[in-house]
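Taking it in order: structure first as structure tokens, then the write-up.
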Amino acid sequence: MSMLVLDEDIMIDKLFTPLGNWDIKKFKVNFSNYDVEAILKILMGTKDMKDTFIWHFERSGVYSIKNRYCLGKDVDTTTEPSYSTYKKLWWKSLWGLELPLKIKIFIWRAFYDWILTLANLRKKGIKVDRIYPFCKAGEESTVHALWLCHNLKMIRKE
Ligand SMILES: [Zn+2]
1 MSMLVLDEDI
11 MIDKLFTPLG
21 NWDIKKFKVN
31 FSNYDVEAIL
41 KILMGTKDMK
51 DTFIWHFERS
61 GVYSIKNRYC
71 LGKDVDTTTE
81 PSYSTYKKLW
91 WKSLWGLELP
101 LKIKIFIWRA
111 FYDWILTLAN
121 LRKKGIKVDR
131 IYPFCKAGEE
141 STVHALWLCH
151 NLKMIRKE
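Below, the structure is given as structure tokens:
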């Protein structure tokens, strides 16, 4: 059998024979037997049908708020921690670390952007220069001063 490797961006109509049936040869070369079986179970519309979106949770195929609500209330949200749960766990682990309290407070202030950077002073209406004097390459914001500044690479290596 010759190789009929498909392009990654192939459209589904390239997988049909001229008569409108699945081109099994292309399937068997490019997909596992398991996938071929699954694909062949898909019911096909007529060739003249226009593509459309189908809400597969509803027998009619039409999306409805009522159906979505019914699906949503059945979803078990207790197994997946929310972002706020992760955040609480993160803070709890930070406060549990054996670090000087002033370091923990600094991290906490940096997280909420409560560091007195030039950018934050300007936000408060204080007329100061905006350029970070340490590098003169960007605005002195918390993110720049603590993470983005290229000069930090020198400090971190020492
Ligand atoms: Zn910088």
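Just so you know, we're using the UniProt record's numbering here: the sequence shown kicks off at 1 and counts up by one.
Ideal placement from N, C-alpha and C gives every residue a C-beta, glycine not left out.
From a predicted model like this one, the values you see are computed outputs, not experimental measurements.
Asked	Found
Enclosing alpha helix (DSSP H) for glutamate 37 [first to last residue]	33 to 40
Alpha-carbon spacing of lysine 87 relative to leucine 94, whole angstroms	10 Å
Leucine 97 CB to nearest heavy atom of ligand 1 below 8 Å	no
Strand pairing of isoleucine 131, partner residues [DSSP]	Glu139
Alanine 110 Cβ short of 8 Å to ligand 1 heavy atom set	no
Phenylalanine 27 - DSSP class collapsed to helix/strand/coil	helix
Residue interval of the alpha helix (DSSP H) (run including tryptophan 108)	101 to 111
Enclosing alpha helix (DSSP H) for leucine 94 [first to last residue]	83 to 96
Which residues DSSP lists as bridging tryptophan 114, in chain order	Tryptophan 114 is not bridged to any residue.
Histidine 144 beta carbon near ligand 1 (any heavy atom closer than 8 Å)	yes
Distance CB(alanine 137)-CB(threonine 117) smaller than 9 Å	no
Exposed unless 16 or more other CB atoms sit within 10 angstroms - verdict on cysteine 149	buried
Rounded straight-line distance, which links the Cα of tryptophan 147 to that of methionine 154	12 Å
Check whether threonine 39 and phenylalanine 27 have beta carbons under 9 Å apart	According to the sequence as given, residue 39 is isoleucine; it is not threonine. Going by C-beta atoms, isoleucine 39 is nearer than 9 Å to phenylalanine 27.
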